[in-house]
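In order, the protein sequences belong to chains U and B. Numbering that gives the first Met the number 0 applies: residue 0 is where the first sequence begins, and numbers increase by one. Numbering that gives the first Met the number 0 applies: residue 0 is where the second sequence begins, and numbers increase by one. All C-beta atoms, glycine included, are put in the ideal place defined by N, C-alpha and C. Just so you know, these numbers come straight off a predicted model, no measurement behind them. Structure record follows, encoded as structure tokens.
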Amino acid sequence: MAKILVKIDSELRELIVSVAVLLLTFRILLELTSGMVWDWNGWSVIEPQSYPPCEANRFLQFTCSTAWIGMIETIKIAILATFFGMILSLPMGLLSSRNLFPQYITYPSRAVVSACRSLPSLIWAIIFVILVGLGPTAGIMAMTIYTVGYLGKMQYEAIEGMNSAPLEAANAMGLTKAELSLWVVIPEMANHLIAQMIFMFEYNVRSGTVIGIVGAGGIGYYINLYLKFLQYEKVGAYLLIIFMVVMLIDLVSIYLRSFFTDESENTKPTWTGVFLPRYEKILLSE
Amino acid sequence: MPAVVRISNLEVGFQGHSLLSIDDFHINQGEVLAITGPSGIGKTSLLKTIAGLLNPISGTVHVCGATLPQRPERGSIGYIPQKLGLVRHSSVWSNVMLGSRAGNPRSTSREHAMNAIEAMGLGEKKNEPIKRLSGGQQRRVATARTLAQRPRLILADEFLSELDEETSERVVKSVLDYVSSNEAAMILVEHDVSRAREISDRLLVIDDGRLNPFIRDTSVMEV
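Structure below.
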């Protein structure tokens, strides 16, 4: 018990140090950018909007800002698109795997997966904005389709690379393809599939910032708006916020994915290592 | 005794390259057959062909009432590959249930799985994931999975390696008991000739056609 406490304690300490360093860097970045070249008023994007009136307490006023609302919408779109994309891509990934199904099934299935991937999510967003109208629904649909294409490919490539012995044993037993997929392939590949899903979420947050530009919801909508008004400092502020959020999600996803890699006990990184890889290397060499 | 496996004019190999040729051969119910011979001579390929995992170059194979490539009845063949073929992230129970579900009706599958786990002395490890078990324990899980399946034919590829003498005896006893009491048949590939002789009713040595009346021609694949 004491050992676990010490472990949590050291991890928590690492996390606090890492977040503090990150915040300090951000603060320095703010100081450096304010008053540079032009009178920087870009940060008004994290101030609450004048309408509707903000009812949050004074420490949470930023939650009424366009940056917060847009970013949260982007993240929500990414979560839903990843979720629906995963549900749809898993059967496609299984059907596309040549070590599970014959060619007359894998070829059409791969064609569908490729078709989903052939257009970037931005083009899918334009199509769905035309089909279902402006708003996040179009964004979710667009990114779901792209997720099926991208994740489906990653999944069937991972499944084709799996150890053949469990499949041989299960085939000899006479299990059906559905049983083989549910009881052998998915459990055996679960770590890969989860790690890929986390990666896809991170990817979707990044691409989700762009689709708003064509009216499919998220922070991109505000970027497009201020671009049209030629308020480039605000656009710059949004881009900085996106950069920070994407970096944060990226770092957390590295940590989360490490739990699902095969030999997680050996490769699990520390929080310090995630935030400051160089710092950890120096510590280890000492 | 009816034959569980009947082979005639079989040629086993990969991509048209022949490894083994067999004129005529059969194995009856209740019989245990051991195959031994140098590496790369096609022992595993022969097992895979009988299991329906590898198409023969020519010839016919009748297994459990079906002629390949037609599949025999579900759960008739229990195959223990050399690499065991366990689902590494699943528990011992899930792996054994996989076999049990394949060979038994839903109502009895849990009971057969539990019996097989107990027979292999893995009761305490029931909920452990496979990747946390030693090599020997994993071999016992693979054997338990096949016993729980209650197949008519067991194909085992070096299933006793990595086991200590005591455990090996226990595993062999369980498998032989199963074969004799259920009138099943077993073909095992074993490198240890003395052990193979001990376990089996018939020992076949594949060694360039020698010592084996039904192996017409064999060629050792260069490694």
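Between the stretch 186-204 of chain B and the stretch 153-163 of chain B, can you find at least three pairs of beta-carbon atoms closer than 8 Å?
yes
What residues are listed by DSSP as bridge partners for B:D156?
To locate residue 156 of chain B, count along the second sequence from 1; it is residue 157. In the DSSP output, where bridge partners are listed per residue, B:D156 has B:V188.
B:S20: first and last residue of the uninterrupted beta strand (DSSP E) it sits in
Reading the second sequence from its first residue, position 21 is the one you call residue 20 of chain B. Its beta strand (DSSP E) spans residues H16 to N27.
Determine whether the Cβ of B:K82 lies closer than 7 Å to any Cβ atom of chain U.
Mapped onto the second sequence, residue 82 of chain B falls at position 83. Yes, its Cβ sits closer than 7 Å to a Cβ of chain U.
Chain U beta carbons: is any one of them nearer than 7 Å to that of B:S89?
Translated into positions along the second sequence, residue 89 of chain B becomes position 90. Chain U, which has a Cβ nearer than 7 Å to the Cβ of B:S89, makes this yes.
Starting from U:I76 and walking both ways along the beta strand (DSSP E), at which residues does that stretch end?
As a working note, residue 76 of chain U is residue 77 in the first sequence. No beta strand (DSSP E) holds U:I76; the alpha helix (DSSP H) holding it covers T65 to L94.
With three or more C-beta pairs closer than 8 Å as the rule, is the stretch 16-34 of chain B touching the stretch 137-146 of chain B?
no
Which residues, in chain order, does the stretch 169-192 of chain U contribute to contact with chain B at a C-beta distance below 8 Å?
A169, N170, A171, M172, G173, L174, E178, W182, V183, P186, E187, A189 and N190
Which bits of chain U does B:Y78 rub up against, with CB to CB less than 8 Å?
Taking the first residue of the second sequence as 1, we reach residue 78 of chain B at position 79. Result: E167, A168, A171 and M172.
To the nearest angstrom, report how far apart U:E264 and U:F258 are at their CA atoms.
Stepping through the first sequence from its first residue, residue 264 of chain U is reached at position 265. Stepping through the first sequence from its first residue, residue 258 of chain U is reached at position 259. Below a pLDDT of 50, predicted positions are generally treated as unreliable, and U:E264, at 49, falls in that range; the measurement from the model is reported next regardless. Rounded to whole angstroms, U:E264 to U:F258 spans 8 Å at the Cα level.
Inter-stretch contact (C-beta, 8 Å, three-pair minimum) for the stretch 127-136 of chain B and the stretch 99-109 of chain B
no
U:T65 versus U:E46: straight-line alpha-carbon distance, rounded:
Taking the first residue of the first sequence as 1, we reach residue 65 of chain U at position 66. Taking the first residue of the first sequence as 1, we reach residue 46 of chain U at position 47. Their Cα atoms are separated by approximately 8 Å.
Pull up the distance between the alpha-carbon of B:V11 and that of B:S75, whole angstroms please.
Numbered from its first residue, the second sequence carries residue 11 of chain B at position 12. Numbered from its first residue, the second sequence carries residue 75 of chain B at position 76. So the alpha carbons of these two residues sit roughly 22 Å apart.
What residue from U:V131, U:K152, U:L133 and U:N190 has the CA that sits closest to U:A114's CA?
Within the first sequence, numbered from 1, the residue matching residue 114 of chain U stands at position 115. Here the closest residue by C-alpha is U:K152.
Taking contact to mean 3 or more Cβ pairs, one atom from each stretch, closer than 8 Å, check whether the stretch 219-229 of chain U and the stretch 88-101 of chain U are in contact.
no
Rounding to the nearest angstrom, what Cα-Cα distance links B:R215 and B:D200 in this structure?
Here residue 215 of chain B is taken as the residue at index 216 of the second sequence, counted from 1. Here residue 200 of chain B is taken as the residue at index 201 of the second sequence, counted from 1. Reliability of the predicted coordinates at B:R215 is poor, the pLDDT of 34 falling under 50, and the value obtained from them is presented with this limitation in mind. Distance between the alpha carbons of B:R215 and B:D200: 22 Å.
Spatial distance of U:T146 from U:N162 (CA atoms):
As a working mapping, residue 146 of chain U is identified with position 147 in the first sequence. As a working mapping, residue 162 of chain U is identified with position 163 in the first sequence. Cα-Cα distance, rounded: 26 Å.
Using a C-beta to C-beta distance shorter than 7 Å, which residues of chain U count as neighbours of B:A50?
Here residue 50 of chain B corresponds to residue number 51 of the second sequence, with the count starting at 1. Those are A171, listed as they occur along chain U.
Would you give the residue range spanned by the beta strand (DSSP E) that B:G120 belongs to?
Your numbering for residue 120 of chain B matches position 121 in the second sequence. Here B:G120 belongs to no beta strand (DSSP E), and DSSP marks it neither H nor E.
Inter-residue spacing [alpha-carbon to alpha-carbon] between B:L132 and U:I241:
Looking up residue 132 of chain B in the second sequence gives position 133. Looking up residue 241 of chain U in the first sequence gives position 242. Computed Cα separation, rounded: 45 Å.
Continuous beta strand (DSSP E) assignments of at least 3 residues falling wholly in the stretch 132-211 of chain U:
none
What is the DSSP secondary structure of B:H260, counted as helix, strand or coil?
Past the boundaries of the shown model lies residue 260 of chain B; chain B is included only from 0 to 222, so the question cannot be answered.
Evaluate U:V36 with the Cβ neighbour count: other Cβ atoms within 10 Å of its Cβ, from every protein chain shown; 16 or more gives buried, anything less gives exposed.
Locating residue 36 of chain U in the first sequence gives position 37, counting from the first residue. Caution applies to U:V36, whose pLDDT of 43 falls short of 50 and renders its modelled position unreliable; the value that the coordinates give is listed next. Under this definition U:V36 is an exposed residue.
Could you spell out the range, first to last residue, of the beta strand (DSSP E) harbouring B:N8?
Within the second sequence, numbered from 1, the residue matching residue 8 of chain B stands at position 9. Note, B:N8: beta strand (DSSP E), A2 to F13.
Let me make sure I understand the geometry here. Which of U:E201, U:L226 and U:F127 has the alpha-carbon closest to that of U:Y149?
Numbered from its first residue, the first sequence carries residue 149 of chain U at position 150. The option with the nearest alpha carbon to U:Y149 is U:E201.
So what's U:Y50 in DSSP terms, helix, strand or just coil?
On the first sequence, position 51 is the one that residue 50 of chain U refers to. Looking at U:Y50 - three-state DSSP - the assignment turns out to be coil, as it is neither helix nor strand.
Per DSSP, B:H88 forms a beta bridge with which residues?
Along the second sequence, read from residue 1 onward, the residue named residue 88 of chain B stands at position 89. Partner(s): none; B:H88 has no beta bridge.
Just to confirm, are B:I34 and B:L162 a CB contact at a threshold of 7 Å?
Taking the second sequence and counting its residues from 1, one reaches residue 34 of chain B at position 35. Taking the second sequence and counting its residues from 1, one reaches residue 162 of chain B at position 163. Taking 7 Å as the Cβ cut-off, B:I34 and B:L162 do not qualify as a contacting pair.
DSSP on U:I45, reduced to helix/strand/coil?
Translated into the one-based positions of the first sequence, residue 45 of chain U becomes position 46. Helix.
Tell me the DSSP secondary structure of U:G235 in three-state form.
Counting from one through the first sequence, the residue named residue 235 of chain U turns up at place 236. Residue state, collapsed to three classes: helix.
In the DSSP assignment, find the alpha helix (DSSP H) that holds U:T105 and state where it starts and stops.
For the purposes of this step, residue 105 of chain U is taken as the residue at position 106 of the first sequence. It spans Q102 to S117 - the alpha helix (DSSP H) in which U:T105 sits, taken as one unbroken run.
Cβ shell of U:F83 (< 8 Å), same chain only, five flanking positions each side left out
Translated into positions along the first sequence, residue 83 of chain U becomes position 84. Answer for U:F83: I139, T143 and T146, listed in chain order.
7 Å Cβ cutoff met for B:T59 and B:S7
Within the second sequence, residue 59 of chain B is the residue found at index 60, counting from 1. Within the second sequence, residue 7 of chain B is the residue found at index 8, counting from 1. Cβ atoms of B:T59 and B:S7: closer than 7 Å.
For B:R201, which three-state DSSP category applies?
Indexing the second sequence from 1 puts residue 201 of chain B at position 202. In the structure shown, B:R201 sits in a strand (DSSP, three-state: E or B).
Within 7 Å of any Cβ in chain U, is that where the Cβ of B:V86 sits?
Residue 86 of chain B sits at position 87 when you count from the first residue of the second sequence. Yes, contact with chain U.
Counting beta carbon pairs with one atom in the stretch 70-84 of chain B and one in the stretch 158-178 of chain U, are three or more of them shorter than 8 Å?
yes
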